[in-house]
Amino acid sequence: MSSQKIKIFAIAGSTRKNSSNFKILKYISEKINPQFEIEIFEEIDQLPHFNPDLDQEIPPQKVTEFRNKIIQADGILICTPEYVFSLPGTLKNAFEWCVSSTVFSGKNTGLITASASGEMGHEQLLLIMKTVEAKLNNDAQLLIQGIRGKIDDEGKITNPDTEKALESFIANFGNQFLNEL
Ligand SMILES: Cc1cc2nc3c(=O)[nH]c(=O)nc-3n(C[C@H](O)[C@H](O)[C@H](O)COP(=O)(O)O)c2cc1C
Numbered sequence: 405m406s407s408q409k410i411k412i413f414a415i416a417g418s419t420r421k422n423s424s425n426f427k428i429l430k431y432i433s434e435k436i437n438p439q440f441e442i443e444i445f446e447e448i449d450q451l452p453h454f455n456p457d458l459d460q461e462i463p464p465q466k467v468t469e470f471r472n473k474i475i476q477a478d479g480i481l482i483c484t485p486e487y488v489f490s491l492p493g494t495l496k497n498a499f500e501w502c503v504s505s506t507v508f509s510g511k512n513t514g515l516i517t518a519s520a521s522g523e524m525g526h527e528q529l530l531l532i533m534k535t536v537e538a539k540l541n542n543d544a545q546l547l548i549q550g551i552r553g554k555i556d557d558e559g560k561i562t563n564p565d566t567e568k569a570l571e572s573f574i575a576n577f578g579n580q581f582l583n584e585l
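Throughout the sequence shown, residue numbering follows this note's numbering, covering 405 to 585 in sequence.
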């Protein structure tokens, strides 16, 4: 087996300093098999507002950098809250910059919605990721409701069922890659 790490590019849908979604991505990066290397994107709020006029052969620099991170990754992990029954605008904006490209096509992609409720946001996230042809697996999708009461300031999961659900998410997400080796 190759000693090269499996590279995962992780995107949080919340830009809040104490974001539960960001903390979940950190939690996963610490718990996942050391064969994986997870880079958590911290510049989503630096992408310009999507404008089709700017989505030309040479798009804005930050967009090129973002797309390259996706292209270079072996897999993608998205963890987001629901805002106003939908995706946070910042995350939707990032996806809009990718629709004209094929950067997500065929990439193993894990989806987590961690929110107060989150059902509609989760459905929309799934639809968007199908649209950009990400490779999806039912076992690597998770909706965590009432998240603020299930994770503490240090990022420790304080709810045993959520801890178990994340544990199986991590295993299922990882197995997709390991089964392909
Ligand atoms: C502008 C705004 C709108 C929100 N709308 C929803 C919503 O429609 N559904 C929901 O489940 N939670 C909603 N929430 C609550 C978020 O789920 C909650 O703040 C969550 O912890 C945010 O994730 P974070 O901790 O990663 O920032 C909203 C929060 C904000 C700030």
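Every residue, glycine too, gets a C-beta built ideally from N, C-alpha and C.
What three-state label does DSSP hand residue i in the structure shown?
{"i": "Glu584", "result": "coil"}
{"i": "Gly525", "result": "helix"}
{"i": "Ser490", "result": "strand"}
{"i": "Ile462", "result": "coil"}
{"i": "Phe573", "result": "helix"}
{"i": "Gly479", "result": "strand"}
{"i": "Thr506", "result": "coil"}
{"i": "Thr535", "result": "helix"}
Does the distance from the C-beta atom of residue i to that of residue j stay below 8 Å?
{"i": "Asn425", "j": "Cys483", "result": "yes"}
{"i": "Leu491", "j": "Gly417", "result": "yes"}
{"i": "Gly479", "j": "Ile412", "result": "yes"}
{"i": "Gly522", "j": "Gln545", "result": "no"}
{"i": "Val613", "j": "Val467", "result": "Not covered by the structure: residue 613. The range shown for the chain is 405 to 585."}
{"i": "Ala538", "j": "Phe508", "result": "yes"}
{"i": "Leu531", "j": "Leu515", "result": "no"}
{"i": "Ile474", "j": "Ile448", "result": "no"}
{"i": "Glu500", "j": "Met524", "result": "no"}
{"i": "Thr562", "j": "Lys554", "result": "yes"}
Which residues mark the beginning and the end of the alpha helix (DSSP H) in which residue i is found?
{"i": "Thr562", "result": "Taken as a continuous stretch (DSSP letters only), Thr562 belongs to no alpha helix (DSSP H), as it is neither H nor E."}
{"i": "Leu429", "result": "Ser424 to Lys435"}
Quick test of your reading: residue i and residue j, contact by CB under 8 Å. State the CB separation rounded to the nearest angstrom.
{"i": "Thr517", "j": "Leu547", "result": "5 Å"}
{"i": "Lys409", "j": "Phe445", "result": "17 Å between Cβ atoms; not a contact."}
{"i": "Phe470", "j": "Leu495", "result": "Contact flag wrong, Cβ pair sits at about 12 Å."}
{"i": "Ile574", "j": "Ile432", "result": "6 Å"}
{"i": "Ile551", "j": "Ser572", "result": "The Cβ separation is near 17 Å, so there is no contact."}
Hey, would you say the C-beta of residue i is under 7 Å away from at least one heavy atom of ligand 3?
{"i": "Pro485", "result": "The ligand content of the structure shown is limited to ligand 1, which means ligand 3 is not among them."}
Mind checking which residues open and close the beta strand (DSSP E) that includes residue i?
{"i": "Lys539", "result": "Lys539 to Gln549"}
{"i": "Glu473", "result": "First, the residue type needs correcting, since residue 473 is Lys and not Glu in the sequence shown. Run containing Lys473: none in the beta strand (DSSP E); it sits in the alpha helix (DSSP H), Gln465 to Gln476."}
{"i": "Ala518", "result": "Asn512 to Ser519"}
{"i": "Lys411", "result": "Ile410 to Ala416"}
{"i": "Ile444", "result": "Phe440 to Phe445"}
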